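Numbering-wise, the sequence shown is residues -20 to -1, 1 to 727 according to mature numbering (1 follows the signal peptide of the UniProt record, and there is no 0). Encoded as structure tokens, the structure appears first; notes follow it.
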Amino acid sequence: MRYARAGIPLAIFLAGAALASCGDGTSEKPPTPEPFALSAIEGPAVAYIGENTCFSLTVKGGPNAQVAWNLGDGTAIPPAVLFTKVCHVYTTPGRRLVGATAISEGQKLVVTRGVAVVQKPMAIRPNASSTIVLDAKHSALWVANTDHGHVARLERELPPVPPMPLVSCAAPRTLAISGATLAAACQDDGTVVFYDLDQQATSGKIDFGPGSAPFGVVADPRSEGVFFVTLSGTGELAAVRAEGNQVLSRIFVFPDVRGVAAIADGTVLVTRWRALAEGANVAVIDATNPATLAAGEPLLLPPDTGLDSDTNNSGVPSFLNQVVPSPDGGRALVPSLRANTVTGMYRTGKPLSFETTARAILTEIELGGPTETPFERKAGRYAFDDLDFASAAVFSPEGDVIYVAIQGAERVEVRDAVSFDVAGSIDDVGHAPDGLALSEDGKTLWVHASLSREVRVYDVSDLSSPPVPLGTLATGLSEPLSDDVLRGKQIFYSSRDPRMSRTSYMSCATCHLDGEGDNLVWDFTQRGEGLRNTIPLAGRAGTAHGPLHWSANFDEVQDFEHDIRGPMGGTGFLPDDIFHSGMIDQTLGAPKDGLSPELDALATYVASLGAFGKSPYRSNDPAALSSRQKGKDIFFSAEAGCSTCHAPPRFTDSALAADKNYVLHDVGTLGPGSGSRLGGPLPGLDTPTLRGLWKSAPYLHDGSASTLRAVLRDRNAADQHGKTSHLSDADLDDVERYLLTLDDDEP
């Protein structure tokens, strides 16, 4: 007997035949063959290197279908009958396209699916300092509100409820949670404050002293209640225990420490916030025993050269606020800015453009454990196009994706964590995003938009289309700044506004983040100037210390309209017909005050930056006090003559003048790179204040003095900059001690 289709039981065919022979003469139609089809490939979205990963599918119809597999890493498995499951061990990271091809009776079907191959995450995940942290136990978020002077608790669930400001201190910058303890690094009052999450009460505080300026805090993944804190004012890393407010260890790393991260193998990573001319720094600290921290040789991230184009730029990593270890602990990413202090008409004969001056980058670092010096991966810097400063980042739980906050462009960019290929983006996330937090399952992203005073919530489970906000959480109950100051600060940080910058490359914060200077020397020859060391804004209160810049080429903050329209490529905040009327389109020309609400708000914000801070060099130690007094006596002596131009309380003789005829001094430091003033001769330099010297090296208009000793001796051989040639080394030590203590507490 012949069967119409294999697998049909004999009884059925027999019964059918009997019915047919007894029926009405009609015959039953044979069953319709099932169409040949393949199901989707089943398998994990993430595969771990070195572990067996299995994929399967279902074949429908298609008698004796043969299935072949391609595992996406060059491994191809030849066809075999109903070969519907395959397992494979991947050896390298990256995204792979797994494919299956089925062939039956001349028909061919293909299905594919992607898989991300990563190193398996550590059982205890690494931690990184951040402005926003998750409190999983209490289903809450905690946010550092720097301007408000408090840390606020937000409920994770929507709809939003009012925030609860529960921890107060001066300028909280970053937060961390360990067990039931929240730690807040409070920059302006030199403390770390502890809060008991279960008892909902402040549980302790450690005072590191005036000028210590704690910035980064991170929980030790291995020890509940232990934290690591960067002291940006003193250049130290401290290990602390919340119980008993204990300082376990304190070690000098390098000046200007900020970002900090901790890995369960005992590795602690620390960043230097502002780069030197020779490069930026990341240090590995051996914290195997938190009571005996040990620092190794810092990693130098040197400047990139020869990269200037419409999609890249040369320069040095700048403003390293954060360092973020991957979940497997084998590498770390450093979001930052790349500042082009390589290119310029004096240095290279090529001008800087709006595209080559600065841009956001990620630097990738390989880690080898707490006692090994890290190294930068070859071609380990990824440059973002048309975007400014990368302010914060967070890995997905498996480590296959990285989310990066772009501060001025007000975006979050999503990249494959291995190839850095675009995986998605989120636009318009609020003013100045500087913190990111991701849910434990990786499906919800919280973006801390600090100058919008809110956290925006996004569903990021599917990035095939741009996510829209699920909701918005307010971070404060009341606004601490006036309307004009807040609006001016938002403008100061925003590169997104085309009036400020072309294609979101630059804002005022590009060189003056936090109102400070980047401590870099730029080649502004094409601007009619020359080599110029960035002057901090903090403490100078706009024009309270006189005209702006080394050459006194601006006499109002609104004059930055010229830089905005010129090197930054913005359209400007003044209408063209107003800008080009009278003498308004000239610096030191007709006043711009009152012509643009945005420029006026910007000037109001800059004028609000009246504090220099506290110097870490102030000490009550008798020897330090004696040295400081000796230095002060020399400074005010008629022979040295320092106070002739640097008299208190402003420590400068610079001042605005109705006739705009500003006093400029030639103190013997002008050189070939000093350039011009407003495109003409440079007869001398405007006198800078001496307050804040402890945090503004290098010194002089061209940054040619890396230390105050170099200012006083090496760059003053002819005694044109005060008389110092008669001073001994001990005398110079005393003068330096005095100068480094000139802060807000100095009369």
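Using N, Cα and C, we set each Cβ at its ideal position, and we do this for glycine too. This one's a predicted model, so the numbers in the text were calculated from it and none came from an experiment.
Length of the line joining the Cα atoms of residue i and residue j
| i | j | result |
| --- | --- | --- |
| L520 | L493 | Rather than Leu, the amino acid found at residue 520 in this sequence is Arg. Straight-line Cα distance between these residues: approximately 15 angstroms. |
| A338 | E258 | 17 angstroms |
| Y383 | A241 | 17 angstroms |
| Y438 | A244 | 30 angstroms |
| L636 | T667 | 12 angstroms |
| residue 731 | D380 | As shown, the chain starts at -20 and ends at 727. That puts residue 731 outside it, with no answer to give. |
| N641 | L673 | 27 angstroms |
| F16 | G404 | 36 angstroms |
| G349 | A260 | 21 angstroms |
| L712 | G451 | 59 angstroms |
| A710 | R693 | 13 angstroms |
| T111 | T424 | 17 angstroms |
| C166 | A372 | 19 angstroms |
| L77 | D401 | 15 angstroms |
| V248 | N301 | 15 angstroms |
| P577 | Q538 | 10 angstroms |
| F174 | I341 | 34 angstroms |
| R(-19) | Q87 | Residue confidence for R(-19) is low, a pLDDT of 30 falling below 50, so the modelled location carries little weight; the figure read from the coordinates is stated next. For R(-19) and Q87, the distance between alpha carbons rounds to 25 angstroms. |
| S119 | K65 | 41 angstroms |
| W530 | S606 | 34 angstroms |
| T632 | G522 | 14 angstroms |
| F85 | A370 | Note that residue 85 corresponds to Glu in the displayed sequence, not to Phe. Near 56 angstroms, if we compare the C-alpha coordinates of A370 and E85. |
| Q180 | D308 | 33 angstroms |
| L279 | R252 | 10 angstroms |
One or two residues paired with residue i in a DSSP bridge
| i | result |
| --- | --- |
| I57 | W49 |
| G184 | F174 |
| W674 | According to DSSP, which records beta bridges pairwise, W674 is partnered with nothing at all. |
| E393 | V384, S405 |
| Y718 | None, per the DSSP bridge assignment. |
| K40 | A17 |
| L416 | V427 |
| S634 | The partner list for S634 (beta bridge, DSSP) is empty, contrary to what the question assumes. |
| P307 | For P307, which the question treats as bridged, DSSP gives no partner whatsoever. |
| Y28 | V98 |
| V398 | Beta-bridge pairing links V398 to no other residue. |
| G189 | According to DSSP, G189 bridges with nothing at all. |
| M548 | M548 pairs with nothing; no bridge assigned. |
Cβ-based neighbour list, residue i, same chain, cut-off 6 angstroms, excluding 5 preceding and 5 following
| i | result |
| --- | --- |
| S1 | Only weak support exists for where S1 lies, its pLDDT of 38 falling under 50; the value from the coordinates is given anyway. If we look at S1 and ignore the five residues flanking it on each side, it has no Cβ neighbours. |
| residue 729 | Since the first residue shown for the chain is -20 and the last is 727, residue 729 is missing from the structure and cannot be characterised. |
| T353 | G276, E277 |
| V206 | D200, R221, P270 |
| E726 | none |
| G23 | F35 |
| L155 | V113, W122, A124, A164 |
| D4 | Here D4 scores only 49 on pLDDT, less than 50, and its place in the model is too uncertain to base an answer on. |
| F299 | S316, L317, L493 |
| F355 | E346 |
| S158 | A199, E204, G205 |
Neighbourhood of residue i by C-beta, 8 angstroms cutoff - its chain only, sequence neighbours within 5 removed
| i | result |
| --- | --- |
| G546 | R507 |
| A20 | L37, V91, R93 |
| G563 | Per the sequence shown, the amino acid found at residue 563 is Met instead of Gly. Cβ neighbours of M563 beyond the five flanking positions: G569, A570. |
| G129 | S148, C149, A150, A151, P152, P460 |
| D724 | G519, A591, F592, G593, K594, R671 |
| residue 730 | Beyond the ends of the chain as shown, which are -20 and 727, falls residue 730; an answer cannot be given. |
7 angstroms Cβ shell around residue i - same chain, five flanking residues per side excluded
| i | result |
| --- | --- |
| A275 | I231, V233, A263, I265 |
| V465 | T584, Y585, S588 |
| V187 | The amino acid at residue 187 is misidentified as Val; the sequence shows Asp. For D187, where only same-chain residues beyond five positions count, the Cβ hits under 7 angstroms are G170, T171. |
| A677 | N499, S686, T687 |
| S441 | K423 |
Any C-beta of chain C under 9 angstroms from that of residue i
| i | result |
| --- | --- |
| D366 | In summary, chain C is missing from the structure at hand, where a single protein chain is found. |
Given 8 angstroms, three or more beta-carbon pairs between the segment 606 to 626 and the segment 562 to 579: no
Below 8 angstroms, how does it come out for the segment 46 to 66 and the segment 76 to 88: are there three or more Cβ pairs, yes or no? yes
Inter-stretch contact (C-beta, 8 angstroms, three-pair minimum) for the segment 70 to 78 and the segment 92 to 100: yes
Any chance you could list the beta strand (DSSP E) runs of at least 3 consecutive residues sitting entirely within the segment 466 to 537, in chain order? 501 to 503, 511 to 513
So does the segment 210 to 226 actually touch the segment 288 to 301, counting three or more Cβ pairs closer than 8 angstroms? no
Enumerate, from N- to C-terminal direction, the unbroken alpha helix (DSSP H) stretches of 4 or more residues contained entirely within the segment 437 to 468. none
Three or more C-beta pairs under 8 angstroms: does that hold for the segment 471 to 485 against the segment 330 to 350? yes
Do the segment 500 to 515 and the segment 387 to 404 meet, that is, are 3 or more Cβ pairs less than 8 angstroms apart? no
Tell me the start and end of each unbroken beta strand (DSSP E) in the segment 319 to 353 that is at least 3 residues and wholly inside, in chain order. 338 to 346
Taking one C-beta from the segment 641 to 658 and one from the segment 697 to 716 each time, how about it: are there three or more such pairs within less than 8 angstroms? yes
Entirely enclosed alpha helix (DSSP H) segments - the segment 567 to 614, minimum 4 residues: 577 to 587
Please determine if the segment 108 to 125 and the segment 405 to 415 are in contact, where contact requires at least 3 C-beta pairs separated by less than 8 angstroms. yes
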